[in-house]
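As they're listed, the protein sequences go chains A and B. Using my numbering, you'd call the opening residue of the first sequence number 1 and step up by one each time. Using my numbering, you'd call the opening residue of the second sequence number 1001 and step up by one each time. We treat Cβ as the ideally placed atom computed from N, Cα and C, and that holds for glycine. See structure below.
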Amino acid sequence: MTIEELEQIAESVRLENAKFDYEVNVCMDLACASQGSEKLREALVKAAEASGKTVLVRRTGCMGPCSAGPLVRVDPEQTLYSHVNAGHAEAIVSSLGGEPAATLQCDLNEHFDKQVRVVLENSGHIDPEKIDEYISCEGYKALLTALMEMTPNGVIHRITESGLRGRGGGGYPTGLKWSTVAKAGGDVKYVVCNGDEGDPGAFMDRSVMEGDPHRVIEGMAIAAYAVGASKGFIYVRAEYPVAVARLTTALREARRRGLLGNNIGGTTFNFDVEIRLGAGAFVCGEETALIASIEGRRGTPKPRPPYPAVSGLWGKPTLINNVETYANIAPIVRNGGKWFANMGSERSKGTKVFALTGKIANTGLVEVPMGIKLREIIEVIGGGVPGGHTFKAVQTGGPSGGCIPAEMLDIGVSYDALLKVGSIMGSGGMIVMDDTSCMVNVARFFIEFCMTESCGKCIPCRAGTAQMYTLLTRICNGIGTMEDLELLEDLCSTVKEASLCGLGQTAPNPVLSTLKYFRNEYIEHIVNKRCPAGVCKIEAQVEVSA
Amino acid sequence: MSPIREGIVPAFTPPPLPSDDKRWKIVNGTMRKNGFARHALIETLHTVQSSFGYLDDDAIRFVAHSLRVPLSQAYGVVTFYHYFSLKPPGKHTLTICAGTACYIKGADKLVAAAEKRLGIAQGQTTKDGQISLMTARCVGACSRAPVVLCDGEVAGEATAEHVLEQLERWAVE
């Protein structure tokens, strides 16, 4: 496969698509699929046949605004229809070539205007099961360009220049990580993609793997070339069967096209990828635990150093990046590091995908330039809190993150700014809470999660989270005392400082941030035996388990 | 394309299949595909669970022997990961997502309603083996929270009424 051959494929896809007068794209992502988008697609195909128009009905990945689903987009006009069901198929098909079907049309201009699509540029536009469609969107061009025209060091330099930081949450500079692995000695190295999106309330990585799987594979192949690896693993949650199926198809197709395997692009570069299934352990998102899991063992973390970049999978240098990080690689290689560095803020470059959920009008996937104000994401893109309720907090970073109150909404989204207000960027879950959420209960929810998910290897995390859970339960039930609160704060710092891995070190964050911004709610529970949001059942029987 | 193989020790004869059940051949296939390498343990256990619905002692023993993994390690892995189950599932499974977005939108009420109706706690199966009630960490359909899975089928924006209706339908079968 050469770049010319890629262009030929792209050209043939364009010619093939040109045979159709209209393109109707149907979102088949989980949210839309669970509302019958497959039936809708079948109905559209039938209606198109009956009408005699030449219509290409395409299944695509996530289009973004899931709350308006099932979604259908007619191209090239880019008319977006919301809440479509099979019964609307005829109306949509008969509107082709004329006025759009007004009753179904949705106005989400504000929602889209503030977004910049890099990672999600193909998602919702191509059929994720067809490699040729990906190729027609400049797919695999970056890989072949890197192989033919760039040295491994040149690739790393470009990634470093872009300022890309790890999208899994930690924000470690990607270029630096790559160069560490590249410099590590040894013939055998591995490239691992962390698709263990364990953070509850986040589904960006699932949508990327399902909506544009080749982009992840291409990013991994470029990384493998840069660091000198020839084997890769994608570690995916078993809870994401569709992502596993799409990736399996994508890998098979990439091998068939000679974009994986031996002598890729006629060069000496060999690379192939295997999929590994997670089995429901949040801690496996931690890189050393993930490595243990790929090796077929219990997912318990190890002290670092040695870092996986030096000694990882089977003791070999291993590059581990998140799905979204890999998805950023191809456009950076194609467009240059400076192009990427022009987007975003001072120390956080590029864009970030967020899964916007909770008490917000437009739930779904959004991709915004770094530095955008939280307020814009929530009020403009998200459409604000529905149902006449008032905004209370937004939670980022999942169980490792914190709750950000209304008065902090004017901060720009970046790794450093979020850390400063007591949360973290995290992988991209953004859960909006309104006045019906009790912040003490929310803190307890996250601590319960960390308690159950603690692997049990180190005592601060294993015992500390359990004790914190007991204390929070006491407070929620209205039998907590001010001494409990003191003890809780004490425990937070112990667990934070003494735990072995990121899970324990960040587990107190939801408690600390709610204590910082919503201390009055804790006091209210303790002193006045009252839950301001009316969530906690004060004086109910104490339910302490585990 | 040959699969990636690590740690293959030649001259090893895997144990015979536990029974004539054809599903063991599928399990064996996963191990063979991975060259009976030890790191295929989790992959193989996934195959067992998807074929048989759960992992019993015989299955764990067979997989451990075939992959030359100590029984303690195999059992350790099975009990470490939430996805693996040592108990057979009911004929139907209702899974309620307990991720953050679902929690914020009241998934606990759904759990309470289902527990009350079935008279079992989450993680248990009704005595007649008809219905299992499970909770999930997050199925990634957060934009349609709260989410329930009825035999794996995702249903969004669920209410206690939906859940009870579904349980009613399963009960009369």
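Answer with buried or exposed for residue 1167(B), where buried requires no fewer than 16 other C-beta atoms within 10 angstroms of its C-beta.
-> Buried.
In whole angstroms, what is the alpha-carbon distance linking residue 1134(B) and residue 517(A)?
-> 34 Å
Could you please give me the residues that DSSP links to residue 194(A) through a beta bridge?
-> Paired residue(s): 235(A), 322(A).
Residues in its own chain within less than 7 Å of residue 1111(B) by CB, not counting five upstream and five downstream?
-> 1096, 1122, 1135
List the residues of chain B that residue 359(A) touches, going by C-beta distances under 9 Å, in chain order.
-> 1104, 1105, listed in chain order.
Ordered along the chain, which non-local residues of its own chain (more than five positions away) have a Cβ less than 8 Å from that of residue 493(A)?
-> 508
Between the Cα of residue 161(A) and those of 167(A), 168(A), 173(A), spot the shortest distance and give me the residue it belongs to.
-> 173(A)
Neighbourhood of residue 465(A) by C-beta, 8 Å cutoff - its chain only, sequence neighbours within 5 removed | 447, 450, 451, 454, 495, 504, 507
Within its chain, find whatever has a CB closer than 6 Å to the CB of residue 25(A); leave out the 5 residues flanking it on each side and keep chain order.
-> 58, 60, 73
State yes or no: is the C-beta of residue 430(A) within less than 7 Å of the C-beta of residue 421(A)?
-> Contact flag unset, no.
Quick one: complete alpha helix (DSSP H) runs, 4+ long, within the region 1068-1093 of chain B?
-> 1071-1080
Where does residue 262(A) land, buried or exposed, given buried means 16+ other C-beta within 10 angstroms?
-> exposed
If you count every other CB in all the chains shown that lies within 10 Å of the CB of residue 264(A), and 16 or more means buried, which is it?
-> buried
If you compare alpha carbons, which of 43(A), 243(A), 283(A), 33(A) is closest to residue 1137(B)?
-> A check of alpha carbon separations from residue 1137(B) across 43(A), 243(A), 283(A), 33(A) identifies 283(A) as the nearest.
As assigned by DSSP and simplified to three states, the class of residue 1155(B) = strand
Hey, out of 204(A), 243(A), 130(A), 362(A), whose CA is closest to residue 256(A)'s CA?
-> 130(A)
Residue nearest to residue 1042(B) in terms of C-alpha spacing, selected from 341(A), 388(A), 372(A), 292(A) | Comparing alpha-carbon positions, the option among 341(A), 388(A), 372(A), 292(A) lying closest to residue 1042(B) turns out to be 292(A).
Are any of the Cβ atoms in chain A nearer than 7 Å to that of residue 1148(B)?
-> no
Would you say residue 1133(B) reaches chain A, if we count a Cβ-Cβ gap shorter than 7 Å as a contact?
-> no
Give the DSSP bridge partners of residue 276(A), in chain order.
-> 235(A)
Nearest candidate by alpha-carbon position, reference residue 357(A), set 1(A), 10(A), 31(A) = 31(A)
Going by alpha carbons, who is nearest to residue 269(A) out of 241(A), 224(A), 498(A)?
-> Ranking 241(A), 224(A), 498(A) by CA distance to the CA of residue 269(A) puts 224(A) first.
Taking the alpha helix (DSSP H) that residue 1165(B) falls in, what are its first and last residues?
-> 1160-1171
Residues of chain B with CB under 7 Å from residue 293(A), in chain order?
-> 1042
Beta-carbon gap between residue 122(A) and residue 322(A) smaller than 7 Å = no
Can you give me the start and stop residues for the beta strand (DSSP E) that residue 351(A) sits inside?
-> 351-358
Span of the beta strand (DSSP E) around residue 395(A) | 391-396
Less than 7 Å separating the beta-carbons of residue 367(A) and residue 8(A)?
-> In this structure, residue 8(A) does not lie closer than 7 Å to residue 367(A) by Cβ.
Could you list which residues in chain B have their beta carbon closer than 8 Å to that of residue 433(A), in chain order?
-> 1104
CB residue 65(A) to CB residue 362(A), shorter than 7 Å?
-> yes
Quick one: any contact between the region 92-100 of chain A and the region 125-143 of chain A, if contact means 3 or more CB pairs under 8 Å?
-> no
Proximity winner among 76(A), 69(A), 294(A), relative to residue 55(A) (alpha-carbon distances) = 76(A)
Contact list for residue 1160(B) against chain A, beta-carbon separation under 7 Å | Chain A residues near residue 1160(B): none, gap ~16 Å exceeds 7 Å.
Give the residues of chain A in contact with residue 1083(B), contact being defined as C-beta atoms less than 7 Å apart.
-> 238, 279, 280
Answer yes or no: does any C-beta atom of chain A fall closer than 7 Å to that of residue 1048(B)?
-> no
Proximal residues of chain A, C-beta to C-beta of residue 1154(B) below 9 Å | Those are 30, 31, 33, 34, listed as they occur along chain A.
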